[in-house]
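With the UniProt record's numbering, the residue at position 73 of the sequence shown is 73, and numbering never jumps.
Glycine included, C-beta positions come from ideal geometry on N, C-alpha and C.
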Amino acid sequence: MTNRWRIEKQEPDPLHVNCQTEVEVKHGVGLHARPSVTFTRLAKSFPCSIEIAVNGSDVWLNGKSIIKVMGARIRKGSILRIRADGILAEEAIRALKELIERNFDEETKHGRTA
Numbered sequence: 001m002t003n004r005w006r007i008e009k010q011e012p013d014p015l016h017v018n019c020q021t022e023v024e025v026k027h028g029v030g031l032h033a034r035p036s037v038t039f040t041r042l043a044k045s046f047p048c049s050i051e052i053a054v055n056g057s058d059v060w061l062n063g064k065s066i067i068k069v070m071g072a073r074i075r076k077g078s079i080l081r082i083r084a085d086g087i088l089a090e091e092a093i094r095a096l097k098e099l100i101e102r103n104f105d106e107e108t109k110h111g112r113t114a
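What follows is the structure in structure tokens.
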């Protein structure tokens, strides 16, 4: 009787990654309704999972859920950790971080500063 073990080395998939970043929320009132909608809408445009944690919390929330994001009551000065896992995760993290750094593009949309 012969035991045959076959070991396959899988090449890492460059599109399926796991990454994380931190960003400070500088928007005047934090993630209220409009910024939360903008954030979750962008998050949903990526095929990976996206989660957020606020101010060093170990509780990770679904970043694609408007209820979870608004319920987190993220205020100005909060440190938001964003992590993504899956296809295009790195691009998702980059886009979401840039959105927050641009104050959710509210200055240009509404003709005022946040």
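Whether residue i touches residue j by CB criterion (8 Å)
i   : j   : result
F46 : E91 : yes
A95 : V17 : no
I82 : N55 : no
V37 : I66 : yes
I87 : L31 : no
Straight-line Cα distance separating residue j from residue i
i    : j   : result
D105 : H27 : 10 Å
A53  : E22 : 9 Å
C19  : A84 : 6 Å
V69  : C48 : 17 Å
E8   : K76 : Because the pLDDT at E8 is just 49, under 50, the model does not fix this residue reliably, and the value given afterwards should be weighed accordingly. Taking the straight line joining both Cα atoms gives about 49 Å.
Cut-off 6 Å between Cβ atoms - residues of its own chain near residue i, not counting five sequence neighbours on either side
i   : result
W60 : E51 and A53
Sequence-distant residues of its chain with Cβ nearer than 7 Å to residue i (five each side left out)
i    : result
K64  : T40, A43, K44 and I50
E101 : V23
Which of helix, strand or coil DSSP assigns to residue i
i   : result
A72 : coil
L31 : coil
S78 : coil
L88 : coil
S49 : strand
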